[in-house]
Structures are given as C-alpha cells and as structure tokens.
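Read top to bottom, the protein sequences are chains Y and G. With my numbering applied, the first sequence corresponds to residues 13 to 115, in that order. With my numbering applied, the second sequence corresponds to residues 21 to 345, in that order. C-beta: ideal position from N, C-alpha, C; glycine also. Keep in mind it's a predicted model, so treat the numbers as computed, not measured.
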Amino acid sequence: MEMHEAKRVEIIIEAPLERRLTKALRDAGVTGYTVLPVLGGSGRSGQWSRDAEVSRASGMVAVVCLIRPERLDALLEAAFAVVERHIGVVSVSDAGVLRAERF
Amino acid sequence: MDDILSLAATNLISPIILSFVLGVVAALARSDLTIPEAVAKGMSIYLLFAIGFKGGAGVAAHGVDTTLVATILAGLVLSFALPFIAFYLLRVLTPLGVIERAAVAAHYGSISIVTFVAATSVVGGRGLNPEGYMVAVAAVMEAPAILSALWLVSRSNGNANVDAGLYREILFNGSIVLLVGSFLIGVATGEDGLEKIAPFIVAPFQGVLCLFLLDMGLVAGRGLRDSRSDLGAGAIVFGMLMPLIGSMIGLLAALAVGLSPGGAALLMTLAASASYIAVPAAMRVALPEARPSIYLTLSLGVTFPFNLTIGIPLYTALAGTFVGG
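Rendered as structure tokens:
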C-alpha cells in the first residue's frame, strides 16, 4: 500500500478558544481537522481534570490536523496567532497517510 | 439574631445543603463518586428552565409593576459597580496583580445562578413570595461585570484580548438564553402554562436541586483539594467578606426600589454571589494570564459554600428585618 508523507499537528488548547482556533485554521485554508475531548493533565499551569470542571471554562480540547508538509508553515502561523497567550501545547510530528488527495 | 441563627440552623440541615456537603466530603476523601457530565448538564438545563418559567408565570399572574424597570436598572448598576469594590478590596487584602484582581472582580460582579436557585428555595420555604421578575434581574446581572473588569485592565495599561465574538458569547451564553427564554415562555403562557407542566418543573425541583448540588459539592471539593495552596489567607478572607459587602449594597438597592422581603433577599443573594460559569469562560479568552486556580477556587470553593450555608439564611433574615412586609 502506497503511503504519502504528511505532518500531524496536534494543538491542545483551552475549550473557550476552540472556535477561534478552528476559524483561524479554516481561514488559513486548513479545512480538515478533528476535535477531541481531553480528560485531564498536568503542566506549567498546574493540574486539572474534567471531573473538577463545572463548565467548559478551564477545560481543554485537542485539535488534530493532518496536512501536506508544504502547508505546515501557514497552519502554524494561523494557530500561533490564537494560542500565543494561552495555556496549551502545539506539537508537530511526521506521519504517513493513505489517499494523499484528501489532505 | 435568634431569627438568623434559627434560619441558619434549619438551612444547614436541609437536604440541599447536606447534599452539597456530601459532595465536598466525597471529593476531599478522594472518592470515585462522579455525576456524569451529561447528567450534570441536563440537570442545570432543567433547573434554569424551571426557575425561568416559574418566574415568568409569576409575572403573568401578578402583572408588571413599576418596580420591575427600577429593579432591572438596579441589577445593572450593581453588576457594573461591584467589580470596582472587589478590585480595590483585593488590592488591600492580597498581593495579586492587576490582571488577576480584575479577573476575580469580574466574577464577583456577575452572579451565580445556582446560588440564586438555592436562595429561591430557601425564600420560598420561609413563605416569602419574591417578585417573579427577579429571574430577569439575574439574567441582566450576568454580563456587565465583565466589561467593568476589562475597563479596569485597560485603564492600568493591561492588554485584554477582546473581539466582537467575545461580546456575542457573553450576551448569548447558554444560561442567559435559557433563563430569559423560559422566563418569556412563562410570561406568555402564564398560570395555565405552569399548571400544564407543573408535575415536571415544580414537584421534582427540590430533588433535582439536591443532586445538582451534590455535583457542585464534588466539583468545589476537588477544586479546593487541588488548588487551595494557590489561595492566601487574604484571598480566602476576601471570598467571605465580599459577599457580605455585596449583599449589604444589594439590600440598600432593594430598599431604594421598594422590593418585597423575598425580592430583597434574592437581590442581596445576587449581589453576594460570584459567577463560575459565564465569567470564567470570558476570562480565559480576554485575560488568559489570570490563573483559573485563583478565581475559580475563590468563587466555587469559598464564596459558593459560604453563601449556601451562611449567606442565604443571613440575607433572608436581614431582608425580613429591614424590608418588613
């Protein structure tokens, strides 16, 4: 099976920012992404868990994009404009995808 | 004084308070007891719909009087003004910086709808009939405090992250839309409408409130367990002093507009309560440098239990004493 090179960008961000981030991604031409719930974690800003949340205010979500390598910089610029001042993690890893025309 | 102590004692052994205490104890004991997120969300929708509808039906039954507009205006002024008091009180009591003081102040100018619902239950249990439109007052008091807090930050040369989308999210957040919407349905359908759905929104209300407060106790207990080290003694004193100051200003406003004792107790509760749903979300967007472990723990872990156990009976008794009937 032929695999095609791609980049997997995972952005873990505060839930109230989700809509702003996905809009910035769409505006940058990134129309494919997946939003996942995050159960809890720990980092520079302390420990948190969904069980201790009364609303989405301090919850987190993960936005995952698989894109062609040449589109990575545009995506990161768009994402950075939103996440710059906020709690969260942005990571990029190499990936392989089937059906390259979909990315 | 005896009246206040007796009301406080009765309140403390009520099912809703004991359910909240059970949640806190379970969380502090690290029990695995949890209320599923979807169930908690469903219960909050139920409570907001029921309280809004009953308020609207009350207005339809008793008509609109001249104090309605005055009370709504008083609520707006309180919500705009209370953050300034909170901001300067925090400066005296805590070492927090401008942005965190502003974020906390926004919470204390806004309101906690669950505290309001619990107060409605206590006030109703005392045989006081508050004005139905207090629900609308609660809705208008949700958002103005956020604007005051953002102004306090901008005046101090701070950088708030505000866009048009944020204002829309504040004004049309789910709680406000549901509360105002169900209130208007109650006004439109009146007592007949209430009678049709009473078996759903009146009879089970107290039981659902108990379960919801059990969940709130779990959340508050976990917040306290994980974040109490972030709060200094001054912040904890603030979390209990600010509701008392807010309630006294609420009492003065209630006297000025001529509310009934029940309505005055609710306005005092609204002025004393602190948001933990609408404002935290807005602060995460507008003031991301402010730590949620400070403002959420203060609001939910200190002020909410304080109001639930001591505040509401105190405000109800004071309203009965000073407002008379």
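- Sorting G:ALA208, G:ALA276, G:VAL124 and G:VAL343 by C-alpha distance to the C-alpha of LEU172 of chain G places G:VAL124 at the top.
- Shown here, GLU211 of chain G sits in a helix according to DSSP, grouped into three states.
- By the CB criterion at 8 Å, ILE190 of chain G and ALA310 of chain G fall outside the cutoff.
- Taken through DSSP and simplified to helix, strand or coil, SER249 of chain G comes out as helix.
- When DSSP assignments are scanned along the region 90–178 of chain G, the uninterrupted stretches of alpha helix (DSSP H) that are 4 or more residues long and fall wholly within it turn out to be 118–129, 133–145, 154–160 and 164–175.
- DSSP places ALA240 of chain G within a helical segment (H, G or I) once states are collapsed to three.
- Contact annotation: the region 272–283 of chain G does not touch the region 103–114 of chain G, with fewer than three C-beta pairs closer than 8 Å.
- Note that the C-beta distance between LEU37 of chain Y and ALA91 of chain Y is below 8 Å.
- Annotation: the continuous alpha helix (DSSP H) that includes MET303 of chain G extends over 298–306.
- Against chain G, a Cβ distance below 8 Å from HIS98 of chain Y picks out ARG304 and PRO308.
- Below the 7 Å Cβ cutoff, chain G contributes ARG304 as neighbours of GLU26 of chain Y, in chain order.
- Taking a 10 Å sphere around the C-beta of LEU51 of chain Y, we find fewer than 16 other C-beta atoms and assign the residue as exposed.
- Per DSSP, the continuous beta strand (DSSP E) segment holding ILE24 of chain Y begins and ends at 16–26.
- Taken in chain order, the members of the region 27–51 of chain Y whose beta-carbon sits within less than 9 Å of a beta-carbon on chain G are ALA27, PRO28, LEU29, ARG31, ARG32 and LYS35.
- The DSSP-derived three-state label of MET72 of chain Y is strand.
- For LYS35 of chain Y, the closest of Y:SER103, Y:LEU87 and Y:GLY100 by C-alpha to C-alpha distance is Y:LEU87.
- By the criterion of at least three beta-carbon pairs nearer than 8 Å, the region 101–113 of chain Y is not in contact with the region 287–303 of chain G.
- Approximately 5 Å separates the beta-carbon atoms of VAL76 of chain Y and THR46 of chain Y; this is inside 8 Å, confirming the contact.
- At least one CB of chain Y lies nearer than 8 Å to the CB of ALA301 of chain G.
- With respect to the 8 Å criterion, ALA126 of chain G and ALA165 of chain G are classified as neighbours on the basis of their beta carbons.
- Not a single C-beta of chain Y is nearer than 8 Å to the C-beta of GLY283 of chain G.
- Taking C-beta atoms as the reference points, ALA285 of chain G and VAL44 of chain G fail to come closer than 8 Å.
- Around the beta-carbon of GLY100 of chain Y, 16 or more other beta-carbon atoms lie within 10 Å, marking it buried.
- Residue contact with chain Y for GLY185 of chain G: present (Cβ-Cβ distance below 8 Å to some residue of chain Y).
- Counting the other CB atoms within 10 Å of its CB gives ASN179 of chain G a total below 16, which places it among the exposed residues.
- Below 8 Å, too few C-beta pairs join the region 51–69 of chain G and the region 252–267 of chain G to call them touching: fewer than three.
- The C-alpha of ALA156 of chain G lies about 7 Å from the C-alpha of PHE203 of chain G.
- Taking each of G:VAL59, G:PHE73 and G:SER51 in turn and checking the Cα distance to ILE217 of chain G, the smallest one comes out for G:PHE73.
- Note that the C-beta distance between VAL160 of chain G and LEU96 of chain G is below 8 Å.
- Taking the Cβ atoms as the reference, LEU231 of chain G lies roughly 7 Å from SER39 of chain G, within the contact range of under 8 Å.
- Contact check for THR209 of chain G and ASN327 of chain G: beta-carbon distance about 32 Å, past the 8 Å limit, so the pair fails to qualify.
- Counting every other CB atom within 10 Å of its CB across the protein chains shown gives SER176 of chain G a total below 16, marking it as exposed.
- Secondary structure of SER64 of chain G (DSSP, three-state): helix.
- Here DSSP, grouped into helix, strand and coil, assigns ASP85 of chain Y to helix.
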